[in-house]
Amino acid sequence: MLYAGLVTTAAALVVLGLIIIFSSLIHVRQVLVTAAENGARVAALTGDTQTVQEAVANTLQEAKLPQTYHGQTLWTVSSTSVTNGPAQPEAKVTIQYQAPILFPNLFRALGHPYSLPVTIPLSVTASATNETYFTGPPN
4 MLYAGLVTTA AALVVLGLII IFSSLIHVRQ VLVTAAENGA RVAALTGDTQ
54 TVQEAVANTL QEAKLPQTYH GQTLWTVSST SVTNGPAQPE AKVTIQYQAP
104 ILFPNLFRAL GHPYSLPVTI PLSVTASATN ETYFTGPPN
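Just so you know, we're using the numbering used here here: the sequence shown kicks off at 4 and counts up by one.
So, in structure tokens, the structure goes:
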């Protein structure tokens, strides 16, 4: 009877841990989508890559997403790529991010020989209609 209770408790903890892990990944992805959309809007209006990267960086910093985790760099400004120009009808912004896992040793703590990766790579792309394509570069 005691053994069954321990197994049930362990299974419940694993399920709870997985729910928390996937919830945090969904949150990180949503922040990345917002940052990419903000960057795409800036790219559509200004066409300046540095301004776009600053807009993305500001959004990620305001959301308090970590830039490093256990000594590993999760995101840098150069992780943001911009496809834009006067001949492009669409401005596209892509963000690469290494999302940290909250409990990478969840399974190992319960005696399983394998653990989860420390980070999971996420990539998000957003686009906006390029204003400079239709109106010319800003003055």
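All C-beta atoms, glycine included, are put in the ideal place defined by N, C-alpha and C.
All values reported here derive from a predicted model rather than from experimental measurement.
Open item on the list: Tell me the rounded alpha-carbon separation between A94 and N41.
Closed with: The count along the sequence shown starts at 1 and reaches residue 94 at position 91. The count along the sequence shown starts at 1 and reaches residue 41 at position 38. Spanning the two alpha carbons is a distance of roughly 11 Å.
Quick check: the Cα distance between F137 and Y72, rounded to an integer number of angstroms? By 1-based counting over the sequence shown, the position of residue 137 is 134. By 1-based counting over the sequence shown, the position of residue 72 is 69. Going from the Cα of F137 to the Cα of Y72 covers about 43 Å.
* Exposed unless 16 or more other CB atoms sit within 10 angstroms - verdict on Y6 -> Locating residue 6 in the sequence shown gives position 3, where the first residue counts as 1. So Y6 ends up on the exposed side.
Checklist entry - Is S130 buried or exposed, if buried means 16 or more other CB atoms sit within 10 Å of its CB? => result Here residue 130 is taken as the residue at index 127 of the sequence shown, counted from 1. So S130 counts as buried.
* Could you tell me whether the Cβ atoms of N108 and A46 are closer together than 7 Å? => One-based indexing of the sequence shown puts residue 108 at position 105. One-based indexing of the sequence shown puts residue 46 at position 43. No, they are not a contact pair.
Let me confirm a value: N61 is counted as buried when at least 16 other C-beta atoms fall within 10 Å, else exposed. Which label applies? Locating residue 61 in the sequence shown gives position 58, where the first residue counts as 1. When all chains shown are included, N61 counts as exposed.
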